[in-house]
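Sequential numbering from 47 applies to the sequence shown in this note's numbering. Cβ atoms here follow ideal geometry from the backbone N, Cα and C, with glycine treated the same way. Working notes, beginning with the structure itself.
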Amino acid sequence: YDVAQALKGSGVPLIADGGLRYSGDIVKALAAGGSSVMMGSLLAGTEESPGETIIFNGRKFKTYRGMGSLSAMQKGSKDRYFQDVEDDIKKLVPEGIEARVPFKGTLQEVIYQMVGGLRAGMGYCGASTIEKLHEAKFTRITSAGYAESHPHGVMITREAPNYSRDKE
Numbered sequence: 047y048d049v050a051q052a053l054k055g056s057g058v059p060l061i062a063d064g065g066l067r068y069s070g071d072i073v074k075a076l077a078a079g080g081s082s083v084m085m086g087s088l089l090a091g092t093e094e095s096p097g098e099t100i101i102f103n104g105r106k107f108k109t110y111r112g113m114g115s116l117s118a119m120q121k122g123s124k125d126r127y128f129q130d131v132e133d134d135i136k137k138l139v140p141e142g143i144e145a146r147v148p149f150k151g152t153l154q155e156v157i158y159q160m161v162g163g164l165r166a167g168m169g170y171c172g173a174s175t176i177e178k179l180h181e182a183k184f185t186r187i188t189s190a191g192y193a194e195s196h197p198h199g200v201m202i203t204r205e206a207p208n209y210s211r212d213k214e
């Protein structure tokens with residue numbers, strides 16, 4: 047938000063990068079003044095994303111490596127991070143991870159969910175455009191209010207493509 051305020055009127059776009067896990071995070075990033083968002087990890091588990099599809103404990107996953115991970119840097123992204131190390135891997139300083147992420151289906155399915163969530167969030171704010179969304183007001187809520195705003199007192203029996211309560 048502070049960066050968006052500092053850039054206001056300069057014509058410089060603000061790109062939100064990192065920490066986006068759900069479509070609601072996209073809405074909040076744009077409402078805080080972002081012009082666009084990076085969706086690397088949100089798209090990492092799609093059929094079309096690079097990485098091997100594997101089965102682990104009976105569930106489907108995709109391997110994922112951030113552009114700042116050690117293996118990505120070895121494959122060429124070290125230039126992006128201004129690390130001029132030719133042969134000595136011990137001198138690379140990774141800024142990303144390698145992991146496995148749940149398989150999410152096709153890119154089209156994931157984008158459909160993200161766009162639907164973005165439209166819903168914009169509707170909650172009464173915003174028909176991203177410019178109008180920039181006028182949204184943020185309100186702090188207590189942890190009890192946060193818990194109350196999510197399903198509670200029930201056990202979810204069927205996963206939704208756009209919702210998870212893991213690690214919140």
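Taking only the alpha-carbon atoms, compute the straight-line gap between residue i and residue j and give it to the nearest angstrom.
{"i": "I72", "j": "S95", "result": "20 Å"}
{"i": "K108", "j": "A75", "result": "26 Å"}
{"i": "N103", "j": "G70", "result": "29 Å"}
{"i": "A78", "j": "Q51", "result": "9 Å"}
{"i": "S189", "j": "I101", "result": "36 Å"}
{"i": "R165", "j": "R105", "result": "30 Å"}
{"i": "R186", "j": "S174", "result": "24 Å"}
{"i": "D48", "j": "K54", "result": "10 Å"}
{"i": "Q154", "j": "L66", "result": "18 Å"}
{"i": "E177", "j": "S195", "result": "27 Å"}
{"i": "A206", "j": "D63", "result": "25 Å"}
{"i": "M201", "j": "V58", "result": "46 Å"}
{"i": "S144", "j": "G172", "result": "In the sequence as displayed, the identity of residue 144 is Glu instead of Ser. Approximately 39 Å, taken between the alpha carbons."}
On the CB-based measure, 16 or more other CB atoms within 10 Å of its CB, does residue i come out buried or exposed?
{"i": "K150", "result": "buried"}
{"i": "M160", "result": "buried"}
{"i": "R111", "result": "buried"}
{"i": "A182", "result": "buried"}
Counting along the chain, where does the alpha helix (DSSP H) carrying residue i start and finish?
{"i": "P206", "result": "Checking the sequence shown, residue 206 turns out to be Ala, not Pro. It is not in any alpha helix (DSSP H) - A206 carries neither H nor E in the DSSP assignment."}
{"i": "R67", "result": "No alpha helix (DSSP H) holds R67; DSSP gives it neither H nor E."}
{"i": "K54", "result": "Unbroken run through K54: none, as it is neither H nor E."}
{"i": "E177", "result": "176-179"}
{"i": "Y170", "result": "153-170"}
Over what stretch of residues does the beta strand (DSSP E) that includes residue i continue unbroken?
{"i": "K106", "result": "105-111"}
{"i": "H90", "result": "What sits at residue 90 in the sequence shown is Ala, not His. Here A90 belongs to no beta strand (DSSP E), and DSSP marks it neither H nor E."}
{"i": "R146", "result": "144-148"}
{"i": "I187", "result": "Segment: none, I187 is in no beta strand (DSSP E) and carries neither H nor E."}
{"i": "T99", "result": "99-102"}
Indicate whether residue i and residue j have their beta-carbon atoms separated by less than 8 Å.
{"i": "T203", "j": "T152", "result": "no"}
{"i": "S81", "j": "I61", "result": "yes"}
{"i": "N208", "j": "G163", "result": "yes"}
Candidates the options: which alpha carbon is nearest residue i's?
{"i": "M84", "options": "Q154, R146, S195, Y68", "result": "Y68"}
{"i": "G216", "options": "Y170, R105, R146, G55", "result": "What the structure shows of the chain is the stretch from 47 to 214, and residue 216 is not part of that stretch, so it cannot be assessed."}
{"i": "I157", "options": "L89, D48, D63", "result": "L89"}
{"i": "F184", "options": "M201, T99, Y170, G57", "result": "Y170"}
{"i": "P148", "options": "S56, G57, S210, G199", "result": "S210"}
At a threshold of 7 Å, does residue i count as lining the ligand GDP (C-beta to nearest heavy atom)?
{"i": "K178", "result": "The ligand GDP is not part of this structure, which contains no ligands at all."}
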